[in-house]
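Visitor:
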Amino acid sequence: MKNEIVKPDLPDYHIHTPLCGHAEGDVHEYKTAARSRGVTSLCFTDHAPTPDGYDPAHRMTMDQFPLYKSMVSETQTAEPPLVLFGIEADYYEGCENHLRSWLPEQNFDFVIGSVHFIDGWGFDNPSQRHVWDSVDVTGSWRRYFCLLKMLVDSGLFDAVGHFDLPKKFGYRPEKGDLREMALPVLDRMAELGIGLEINTSGLRKPVKECYPSAEILSWSFERCIPICFGSDAHKPQEIGFGFDLALDLALEAGYSHHFTSERRVKELKRLAA
Ligand code: ZN
Ligand code: FE
Ligand code: FE
Ligand code: ZN
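Counting in our numbering, the sequence shown runs from 5 upward without gaps.
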């Protein structure tokens, strides 16, 4: 990966740690990388543990959560950049039972809600990519957006992560179908004040573009949905990855502000053009 210069003055609100089992580098290295790459603040958002056996392969255990909390707090020194404490929690049917009480107890600054499975199929997992060739692509997207709508309706999350993740390997619905599926979700996000993440990890994947697409971002702008930026870093050198492109995407969609979040309260900040 080339070590491109990132535009300054943007926070990175989607960062993992090795506790998830598929990331590398310690939290101090992530902070050092953020400083050297012009990222103004960072929010660790590792994959949330689950108490019910949901996808244990990609996350810390409930027992490891206190360690996660202490690792992040070790980096919360007076030295910039500012470090925030967050989580990327999966939405799946039944998750509410646990999350409704657990999330508010953790003093998070920011909670991303993500869907990584369609009825047990890890549709964005490279080892399950072949499944795309045998399913109804549009039907799968429809089911994904149905889950995303439930995620938003739950009111448990501050922002939606990688909104159009099913495009990762290039399998897409027709444009008109995408619009019909995405708009009800965006409408509900606007109603509830839920943010949208511009996630640059797609630039590192076969689809080679950010999540969401320029088109979805323009629908989001029309609805005044606040945006934030996330690299979805699983290595220190991925911090702030592609933020120059992400900023251009936001400005082209019409955005003049992004949000920051502390103690789960959003504040709008002007984007540096
Ligand atoms: Zn991950
Ligand atoms: Fe994710
Ligand atoms: Fe992530
Ligand atoms: Zn992610």
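Glycine included, every Cβ here is placed at the ideal spot set by N, Cα and C.
From a predicted model like this one, the values you see are computed outputs, not experimental measurements.
#1: So, with DSSP's three-state summary, where would you put isoleucine 91?
#2: From which residue to which residue does the beta strand (DSSP E) around aspartate 50 run?
#3: Under the criterion of a Cβ to heavy atom distance below 7 Å, does serine 118 qualify as lining ligand 2?
#4: Does DSSP classify serine 74 as helix, strand or coil?
#5: May I ask you to report which of helix, strand or coil DSSP gives phenylalanine 114?
#6: Can you tell which of Gly244, Thr54 and Asp128 has its C-alpha closest to the C-alpha of histidine 166?
#7: Since threonine 79 and valine 31 are thought to touch, with beta carbons under 8 Å apart, how far apart are those beta carbons, to the nearest angstrom?
#8: Starting from the C-beta of serine 260, find all residues in its chain whose C-beta is less than 7 Å away, skip the five residues before and the five after it, and write them out in chain order.
#9: Please determine, among Tyr175, Leu23, Gly159 and Leu152, the residue with the shortest C-alpha to C-alpha distance to leucine 187.
#10: Using only the heavy atoms of ligand 3, determine whether one of them is closer than 7 Å to the beta carbon of glutamate 92.
#11: Taking the continuous alpha helix (DSSP H) assigned at isoleucine 220, which residues delimit it?
#12: Considering only the alpha carbon of each residue, which of Ala37, Met64, Gly126 and Gly244 lies closest to proline 22?
#13: Is serine 260 helix, strand or coil when you go by DSSP?
#14: Helix, strand or coil: which one does DSSP assign to tyrosine 175?
#15: Aspartate 165 by DSSP, collapsed to three states: which one?
#16: Excluding the five sequence neighbours on either side, which residues of its own chain have a C-beta within less than 7 Å of the C-beta of lysine 6, listed in chain order?
#17: For the candidate residues Asp16, Tyr215, Gly197 and His262, whose alpha-carbon lies nearest to that of serine 205?
#18: May I ask which residues mark the beginning and end of the beta strand (DSSP E) holding asparagine 101?
#19: Please return the same chain residues whose Cβ sits closer than 7 Å to the Cβ of tyrosine 96, not counting the five positions on each side in sequence.
#20: Who are tryptophan 125's beta bridge partners in DSSP?
#21: Sorry if obvious, but does the Cβ on histidine 26 come closer than 7 Å to a heavy atom of ligand 1?
#22: Regarding aspartate 59 and ligand 3, is the C-beta to nearest heavy atom distance less than 7 Å?
#23: Among Leu253, Ile243 and Phe149, which has the Cα closest to the Cα of proline 85?
#24: For the beta strand (DSSP E) holding histidine 18, just list the boundary residues, first then last.
Guide: The relevant details are as follows:
#1: Here isoleucine 91 sits in strand by DSSP.
#2: 43 to 51
#3: yes
#4: helix
#5: strand
#6: Asp128
#7: 5 Å
#8: Arg274 and Leu275
#9: Minimum Cα-Cα distance from leucine 187 among the listed residues Tyr175, Leu23, Gly159 and Leu152 corresponds to Leu152.
#10: yes
#11: 218 to 226
#12: Closest option to proline 22, judged by alpha-carbon separation, among Ala37, Met64, Gly126 and Gly244: Met64.
#13: coil
#14: Looking at tyrosine 175 - three-state DSSP - the assignment turns out to be coil, as it is neither helix nor strand.
#15: Looking at the sequence shown, residue 165 is not aspartate but glycine. In this structure, glycine 165 counts as coil in the three-state DSSP scheme.
#16: Because the pLDDT at lysine 6 is just 44, under 50, the model does not fix this residue reliably, and the point stays unresolved.
#17: Tyr215
#18: Counting along the chain, asparagine 101 falls outside any beta strand (DSSP E), though it belongs to the alpha helix (DSSP H) covering 100 to 109.
#19: Tyr58 and Phe121
#20: Answer by DSSP bridge pairing, in chain order: Ile122.
#21: Taking 7 Å as the cut-off, the C-beta of histidine 26 counts as close to a heavy atom of ligand 1.
#22: no
#23: Ile243
#24: 14 to 19
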